[in-house]
Amino acid sequence: MTFLNHLISGISLGSVYAIIALGYTMVYGIAKMLNFAHGDVIMVGAYICFFAVASYGLNPIIGILLAMLVCTVLGMLIERLAYKPLRQAPSLAVLITAIGMSYFLQNSAQLLWSANNKMFPSFLNFGGTTGISLFDGQLTIAWTTLVTIAACVIIMIGLTLFTGKTKMGKAMRAVSEDKGAAQLMGINVNTTISVTFAIGSALAAIAGVLLCSSYPILVPTTGSMPGIKAFTAAVFGGIGSIPGALLGGVLLGVIEIFAKAYISTQLSDAIVFAVLIIVLLFKPTGLLGKQIREKV
Amino acid sequence: MKKLRLNKTSRTNFLTYGMVVVLFVVLQIMSGGGMLSSTMKGQLVPICAYVVMALSLNLTVGVLGELSLGHAGFMSVGAFAGAVTAAALQNAIPSGGLRLAVAMIIGALFAAVAGVLIGIPVLRLRGDYLAIVTLAFGEIIKSIINNLYIGMDAGGLHASLINNTIVLEEGGRMILSGPMGIPGITKISTFTAGFILIMLSLVIIFNLVNSRAGRAIMALRDNRIAAESVGINVTQYKMMAFVTSAALAGAAGTLFAMGQNTIIASKFDFNQSILILVFVVLGGQGRMWGSIIAAAALTILPELLRGFADYRMLVYAIVLILVMLATNNPTLSGFFSRLFGRFRKPQKGDAAR
Amino acid sequence: MKKFTKLACLLLALAMMLGCLTACGSKESASSATAYKLGGVGPLTGGAAIYGNAAKNGAEIAVEEINALGGDVQFELSYQDDAHDAEKSVNAYNTLKDWGMQLFLGSVTSTPGVATSAEANADNMFYLTPSASSTDVLGGVANPLTGTVDIARKSNVFQLCFMDPNQGSASAQYIADQNLGSKIAIIYKNDDVYSTGVYNSFISKANELGLNIVSTTTFTTDSQTDFSVQISDAQSNDADLVFLPMYYDAAALILTQANAVGYKPTFFGIDGMDGILGVEGFDTSLAEGVILLTPFNADSEDEATKNFVAKYQEKFGEVPNQFAADGYDCVYAIYEALKASDANPSMSASELCDILVATFTGGSFSFNGLTGDGMTWDDTGAVSKSPKGMVIQNGVYVGLD
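Protein chains in written order, with the numbering used here: chain X, 1 to 296; chain L, 297 to 649; chain V, 650 to 1050.
1) Residues of the region 836-864 of chain V with a CB closer than 9 Å to any CB of chain L: list them in chain order, please.
2) Classify Ile206/X: buried if its beta carbon has 16 or more other beta carbons within 10 angstroms, exposed otherwise.
3) Please confirm whether Lys783/V has its beta-carbon closer than 9 Å to some beta-carbon of chain L.
4) Can you give the Cα-Cα distance for Pro692/V and Val147/X, rounded to whole angstroms?
5) Per the contact definition of three or more C-beta pairs closer than 8 Å, is the region 32-51 of chain X in contact with the region 90-108 of chain X?
6) Mind checking Thr191/X: buried by the 16 CB within 10 Å criterion, or exposed?
7) Roughly how many angstroms lie between the CA atoms of Thr381/L and Val847/V, to the nearest whole one?
8) State the DSSP-derived secondary structure class of Arg520/L, mapped to helix, strand or coil.
9) Please report how far the alpha carbon of Glu465/L lies from the alpha carbon of Leu405/L, in whole angstroms.
10) Thinking just about the alpha-carbon of each residue, which of Thr905/V, Ala855/V, Tyr897/V and Asp841/V is nearest to the one in His733/V?
11) Considering only the beta carbon of each residue, do Val1045/V and Asp948/V sit closer than 9 Å?
12) Near Tyr823/V, which residues of its chain fall below 7 Å by C-beta distance, leaving aside the five closest residues on each side in sequence?
13) Find the nearest neighbour of Leu65/X within the set Leu203/X, Cys152/X and Ser122/X, judged by alpha-carbon distance.
14) In three-state DSSP terms, what is His733/V?
15) Per DSSP, what kind of secondary structure is Ile617/L in: helix, strand or coil?
16) Which of the three DSSP states is assigned to Ala261/X in this structure?
17) Nearest to Asp721/V by alpha carbon, out of Tyr728/V, Gly701/V, Tyr685/V and Lys737/V?
18) Could you name the residues of the same chain whose beta carbon sits closer than 7 Å to that of Thr305/L, not counting the 5 residues immediately before and after it, in chain order?
19) Excluding the five sequence neighbours on either side, which residues of its own chain have a C-beta within less than 8 Å of the C-beta of Pro652/L, listed in chain order?
20) Going by alpha carbons, who is nearest to Ala542/L out of Met400/L, Ala410/L, Gly392/L and Gln386/L?
21) Can you check DSSP and say which residues form a bridge with Ser133/X?
22) Can you confirm whether the region 310-328 of chain L touches the region 728-746 of chain V when touching is taken to mean that 3 or more C-beta pairs between the two stretches lie within less than 8 Å?
23) Taking all protein chains shown into account, do 16 or more other C-beta atoms lie within 10 angstroms of the C-beta of Ile263/X, making it buried, or fewer, making it exposed?
24) Using CA coordinates, which residue listed in Ser456/L, Trp585/L, Arg608/L and Leu601/L is at the minimum distance from Phe310/L?
25) List the residues of chain L whose Cβ lies closer than 8 Å to the Cβ of Val739/V, in chain order.
26) Taking C-beta pairs closer than 7 Å, name the residues in chain A that Leu616/L reaches, listed in chain order.
27) Could you check what DSSP says for Leu218/X in three-state terms: helix, strand or coil?
28) Which residue or residues does DSSP assign as beta-bridge partners of Thr915/V?
29) Using the DSSP secondary-structure output, state which residues sit across from Gly691/V in a beta bridge.
30) What three-state label does DSSP hand Gly674/V in the structure shown?
31) To the nearest angstrom, how far is it from the Cα of Gly1030/V to the Cα of Leu787/V?
32) Just how far apart, CA to CA, sit Asn625/L and Arg87/X?
33) Hey, Phe1016/V and Glu985/V: beta-carbon distance below 9 Å or not?
34) Since Arg307/L is in the alpha helix (DSSP H), which residue starts that stretch and which ends it?
35) According to DSSP, Ile1041/V sits in a beta bridge with which residue or residues?
36) Does the beta carbon of Asp269/X come closer than 9 Å to any beta carbon on chain L?
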């Protein structure tokens, strides 16, 4: 039973990583850039929802929609102002700009909303309970966990369908393959990348709300560590692969909890990353990553 | 002019040495004449350490062409190995300079060993997968040092992992106490020592880059498959660049640590690695003088922005973004090209750049 | 060609910086001799910003009050950011020195405190920290685990807060005396100086007192989200008391997550737990029954505290925590000590330091503040005040005896 409890905690933690990783991998897959500011967009989303719900007493659903709206606009704005001018620049230059943007968001948040901790309201209560209790209460699954997992799966399916079936999705795949060729085919590359950021940022808002529902302390640095972990998860699963992000996220969470539970809480951080290195040794492009054939 | 015509690379290299020497002399004179503020004086040693970090990372990122997100891990290994060595030798070697040199060598050695260990898995991978393994390595180092305890008494050094189980004789003392790090460092790093380390790093890097091995490494960066097909041993040359880079980072770590009052493992985290990467990218990949200036400038910048009070780090972020946008802006670089073009004869290859 | 552009930009930037630095450096002689220049260093940005800002705000209120009195002792206050980093804290300290600082409120957090106290010791700058509670800040304290003295005493450095080992051993003593728990679990933060410092002394005192410790687990900054393993370990070992030597942000998560799995032991915190009730949106019923040793109580009825809390709320719009009170007390402690001596603002930092060290360790100086009555100091630099045991009932602190 303890094992099952740990497994559930692991999946719960992992699903939070996964939902952040989905946004990461989406932007990476199409725009081919590591958007290190993603974690901080998550934080902004969580703050917006917090204020909407806790300060203005709005319905949580409206809070989430508002957060998505703000994040979408923010994401497109960031892309337009900071990343678009660097479209022709080396990829590392964009990486550094993204890091600058991450500092910018964190510090703006601190100035706007102060460094004080905020306790994120728990609105995922159904029938007055915080979760499902099984086996006479020996096993509890929190609603947030179920909602997060459901959201992950829905988003994963949605994204896969979107990129596979819709016109815009196909344009995205074309841009990710070859920007130049896509442009020649009449695809507006700028619009496509802009839409990618819009979707990625809207996902970030959802991720922010779910992250803070599970781990309700909200500060301006809330997004940074989960952001790095999610990036790790995205690479673990094979960066650019949408199902890979889900798998990578969940596995990372489970490994983290198991390392703490069965080996050592002191060394758990080291163990998680050691497992990651070992897996990458055997699967050099991540679990579900595409094997890229190199041309001479 | 024509008699002493050096090729372009050597000229850049000599200009780089010259720039470091001139900056060193100027700062030494200013420091001697009391013209430097305490803030600036206090930053001289860290700046030197960051310059060497940037140079060594530039070897990995610029010359070898691999993205590393865990360079602070090597700095950490060097910092702790060096600082423990220096503390252990406090009585054996009374001369600060000599002790620092020994500590740096030990720090560099430990970092080189770490470089070999991590190089084995890392160099099989490519691109972002390699980056994430270096990130993981940095985190592992941080976690291990956070759980490492080292004490010293008449019987020598004692170490334990996870829990402090060390029993020391009378007169012994703890050097490294896990999360508390090394709390009482006797500062022995000097600006001169930093200058020597920078010059030494430049000599090592330039000699490596301009050697047969260096050309092989750059060939690997530019086209791995083509390089491999002409018989270049990929693993050997990659390893060579990676381990040299790690060793230099280790020496820089020791220099840094011995200029601080205290160091803790969490100082050398992901953000620190990123900071060093920013130096390299801002200064230009493969361009050593660029790394030197960028490392110095970005280390001083946050201190200069103190006048902005609460808005300091916000301004820092904006400056960082604007500089990245400006240096990659075609209009702006066209403007500067025209401006400087007047003072300089056009050269072949300008159009290509 | 691009290369030259970059070179031009970068060199220009560097030249401007160097120019500015030298210019900044030459300003220091222009200090007015009517007010003491009081400096402080703390994390005003980054993950620990909440503590630095609280201490700064508290100190600001104290300076305003003192200056409004218009007496002989007037202050000019400057707080500098260190982002909770030892290297940056030394830069911040040097900036303050360039500004002409005469008296130093030290660092707010421990690791930077170790660095700045060494600098201040070398410069003979008087140092009274509000909240850097590690033993390494003071030096000269025996390591609770090995019994060795790892760093020499820094004779001009004083703490206003409890030293970590005192908190740890006081907590163990308190638990033993009051018989609060038969099986004890500990969760501490394994990459934090404060948390580990308290844990080390707690465990050595607990072993001495024969307390039964059934579970010891840790977390780090990187894994400060999910505590299910730590909670389940404590729960499965039937711990009836969980000792939480940590700041309240992590503690709030532990309380929430323990509640979610229906685990309700007695939680026992230390002064870092103070502030948990002030977290915006925190369900205070989760903290019901939590016991903590803290020197400050924002709900206290005494006049000084009420006055301070009212001013703080008016100025900063939130309830002050212990860090704010510590910052406030630090300024007042220095104020009282200056009044009791023959110091004047035109003295150098080193002269003031000698006078204040003599006053603080003279034996006759005692200070009443928000965080304790009759505080005294001796040569060790540690403050002598007794921690107050508090229990949270119906969302407010109630004093324990």
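Note that beta-carbon positions come from the ideal geometry of N, C-alpha and C, so glycine has one too. All figures in this text were calculated on a predicted structure; none of them were measured in a lab.
In this structure, then:
1) Of all residues in the region 836-864 of chain V, Lys838, Asn839, Asp840, Asp841, Val842, Ser844, Thr845, Gly846 and Asn849 have a Cβ within less than 9 Å of some Cβ in chain L.
2) Ile206/X should be labelled buried.
3) According to the sequence provided, residue 783/V is Ser. The question's Lys does not apply to it. Chain L, which has a Cβ nearer than 9 Å to the Cβ of Ser783/V, makes this yes.
4) Our two residues, Pro692/V and Val147/X, have alpha carbons roughly 37 Å apart in a direct line.
5) The region 90-108 of chain X is in contact with the region 32-51 of chain X.
6) By the 10 Å Cβ count, Thr191/X comes out exposed.
7) Distance between the alpha carbons of Thr381/L and Val847/V: 28 Å.
8) DSSP, reduced to helix, strand and coil, places Arg520/L within a helical segment of the structure shown.
9) Rounded to the nearest whole angstrom, the CA to CA distance from Glu465/L to Leu405/L is 30 Å.
10) Minimum Cα distance to His733/V is reached at Asp841/V.
11) It is a contact, given that the beta carbons lie within the stated cut-off.
12) Hits under 7 Å: Leu942 and Gly1038.
13) When each option's Cα is compared against that of Leu65/X, the closest is Leu203/X.
14) Looking at His733/V - three-state DSSP - the assignment turns out to be coil, as it is neither helix nor strand.
15) Shown here, Ile617/L sits in a helix according to DSSP, grouped into three states.
16) Annotated three-state conformation of Ala261/X is helix, per DSSP.
17) Of the listed residues, the one whose Cα sits closest to Asp721/V is Tyr685/V.
18) In the same chain as Thr305/L, and ignoring 5 residues on each side of it, the C-beta atoms closer than 7 Å to its own belong to Asn506, in chain order.
19) A query on residue 652/L cannot be resolved here, the shown segment of chain L reaching from 297 to 649 and no further.
20) Sorting Met400/L, Ala410/L, Gly392/L and Gln386/L by C-alpha distance to the C-alpha of Ala542/L places Ala410/L at the top.
21) BP columns for Ser133/X point to Thr140/X.
22) The answer is no - the region 310-328 of chain L does not touch the region 728-746 of chain V, with fewer than three Cβ pairs under 8 Å.
23) Exposed, since its Cβ has fewer than 16 Cβ neighbours within 10 Å.
24) Comparing Cα-Cα distances from Phe310/L to each of Ser456/L, Trp585/L, Arg608/L and Leu601/L, the minimum goes to Trp585/L.
25) Within chain L, the residues near Val739/V are Gly338, Gln556 and Asn557.
26) Absence of chain A from the displayed structure is noted, the protein chains being X, L and V.
27) Three-state DSSP puts Leu218/X in a strand.
28) In the DSSP output, where bridge partners are listed per residue, Thr915/V has Leu890/V.
29) Looking at the DSSP output, Gly691/V sits in a beta bridge with Asp730/V.
30) Low confidence applies here, because Gly674/V scores a pLDDT of 41, under 50, leaving its location unreliable and the question unanswered by this model.
31) Linking Gly1030/V to Leu787/V through their CA atoms gives a straight-line distance of about 6 Å.
32) The alpha-carbon of Asn625/L is positioned some 10 Å away from that of Arg87/X.
33) In this structure, Glu985/V lies closer than 9 Å to Phe1016/V by Cβ.
34) Residues Lys304 to Gly328.
35) Ile1041/V is bridged to Tyr1046/V.
36) Yes, its Cβ sits closer than 9 Å to a Cβ of chain L.
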